[in-house]
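Participant:
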Amino acid sequence: MGKYRWLIIFEFEKKSYLVTVDYYSNFFEVDSLEKLTSLAVIKKLKPHFARFGIPNTLVTDNGSQFISDDFRDFSMKYQFEHITTSPYHHQSNGKAESAVKQAKRIIRTCKSSNDDIYLALVAHRNTPQTTHETSPAQRLFNRRTKTPLPVSEKLLQPKINSQANKRIQQRQQLQKKYHDRGAKELSPLRKGEVVRLQPTRIGKKKWKRGIVVRKAGIRSYEVQCKGYIYTRNRKFIRRSRLPAEFGSDNADEKMSDMSEAEENVSVRTDNDLPQENPQPAHLERNETSTETSSTSKTRSGRLVKKPDRLGIDT
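As numbered in the numbering used here, the sequence shown has no gaps in its residue numbers, which increase by one up to the final residue, 399.
What follows is the structure in structure tokens.
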């Protein structure tokens, strides 16, 4: 297999499965898990490593099976780099999520039609994908593998496709180009900065206040909240306007509407401006009645002036 492989555990019809997918070829293996332990996962990985070779990098989520001491010792013994993705950020684990969808479809189809799942995997691995001109088996082994369907012996001969990697890179660059059109780079966070964590559970609306501990990855950070350390992608973190020692953790939890632009801009409200000749409240209200009728303030204090609509008063 290639340099990078993704691992993910999923559940389907009350059974747990382990998917191992190769980054370059999209070739994946599916294993049934009797126990959700690190030793059970390692037991399934060892035959794959013996068959296809040890990868340079193994990417997983932050499941308890992958962050245990047993799995850490396994990575050191087999000499591969272990990278964990940010929790609740499925985009960073997209390769494995895509393989899970395909594995579920194969298992569901075989169970409904009472077919052999391994023959279905053979057919899938020898089928060219819509985004590639070759099949996963061709990209991994440089040849087709034999299936129950009649095939010429000439087609089973090894053939090195030197253009496959170039086409994959061109496709990835095109995807990046379209993705970056509607994306923007978020400003980095500093150690010790007070932030808020977006709730990840459905139905939860309160944001947790915490302090940045360190940068855990390219776009992920470790944040300490109430004695616990959370790893989150930058898109789930917002800066807080309150100092670390201010009030309780519930003091500023309803800040989900605050945008990244509001994080980076310091807004001065009218209360912050110096007033040389303060006027009584009732006099000031009469003098500015015309202005306030056409303007309003956002929650951050920014003035919003309503547009004139053809000179018609509303």
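Just so it is clear, CB atoms sit at the ideal spot from N, CA and C, and this is done for glycine as well.
Distance check for Lys276 and Arg299, CA to CA, integer angstroms please.
Facilitator: Using only the alpha carbons, I get a separation of about 6 Å.
Participant: Alpha carbon to alpha carbon, what distance is there between Arg384 and Gly288?
Facilitator: 24 Å
Participant: Any beta carbon of chain D sitting closer than 8 Å to that of Ala188?
Facilitator: Of the protein chains in this structure there is only one, and it is not chain D.
Participant: In terms of DSSP beta bridges, what is Arg90 paired with?
Facilitator: Asp107, Leu143
Participant: From Ile314, Ser110, Lys100, Gln283, pick the residue whose C-alpha is nearest to that of Arg210; which is it?
Facilitator: Ser110
Participant: Quick one: residues in its chain with C-beta nearer than 6 Å to the C-beta of Trp285, no 5 flanking neighbours on either side, listed in chain order?
Facilitator: Just to set this straight, residue 285 is Thr in the shown sequence, not Trp. The residues are Tyr173.
Participant: Whether or not the region 232-240 and the region 258-265 are in contact is what I'm after, with contact meaning three or more pairs of Cβ atoms, one per stretch, closer than 8 Å; do they touch?
Facilitator: The region 258-265, when compared against the region 232-240, does not touch it at the 8 Å Cβ threshold.
Participant: Give me, in chain order, the residues of the same chain whose beta-carbon lies closer than 8 Å to that of Leu240; leave out the 5 immediate sequence neighbours on both sides.
Facilitator: Arg229
Participant: Per the DSSP calculation, Gly295 is bridged to which residue(s)?
Facilitator: Val280
Participant: Straight-line CA distance for Lys157 to His264?
Facilitator: The amino acid occupying residue 157 in the given sequence is Arg; Lys does not appear at that position. Approximately 34 Å between the Cα atoms of the pair.
Participant: Are there three or more Cβ pairs, one per stretch, closer than 8 Å when the region 309-325 is compared with the region 178-196?
Facilitator: no
Participant: Go to Ser272, then tell me how far its alpha helix (DSSP H) extends in each direction, as first and last residue.
Facilitator: Note, Ser272: premise wrong, no alpha helix (DSSP H); not H, not E.
Participant: Once DSSP output is grouped into helix, strand and coil, what is the label at Ser117?
Facilitator: strand
Participant: Please report how far the alpha carbon of Glu270 lies from the alpha carbon of Arg323, in whole angstroms.
Facilitator: Spanning the two alpha carbons is a distance of roughly 14 Å.
Participant: Straight-line CA distance for Pro392 to Asp146?
Facilitator: If you draw a straight line from the Cα of Pro392 to the Cα of Asp146, it is about 50 Å long.
Participant: Quick check on this structure: which residue in Tyr108, Ile94, Glu278, Asp107 has the alpha carbon closest to the alpha carbon of Ile127?
Facilitator: Ile94
Participant: Would you tell me roughly how many angstroms separate the C-alpha atoms of Val279 and Ala301, rounded to the nearest one?
Facilitator: 17 Å
Participant: Verify whether the separation of the beta carbon atoms of Gln309 and Gly295 is less than 8 Å.
Facilitator: yes
Participant: Return the CA-CA distance between Val243 and Thr212, expressed in angstroms with no decimal places.
Facilitator: According to the sequence displayed, residue 243 carries Pro and not Val. Going from the Cα of Pro243 to the Cα of Thr212 covers about 16 Å.
Participant: Do you know whose CA, among Lys293, Arg319, Phe134, lies nearest Ser305's CA?
Facilitator: Arg319
Participant: Roughly how many angstroms separate the alpha carbons of Phe159 and Lys382, rounded to a whole number?
Facilitator: 58 Å
Participant: Does the distance from the CB of Tyr89 to the CB of Pro140 come in under 8 Å?
Facilitator: yes
Participant: Answer with buried or exposed for Ser171, where buried requires no fewer than 16 other C-beta atoms within 10 angstroms of its C-beta.
Facilitator: buried
Participant: Measuring CA to CA, which of Ile303, Ser197, Lys196, Asp154 is closest to Ser272?
Facilitator: Checking every option, the nearest Cα to that of Ser272 belongs to Ile303.
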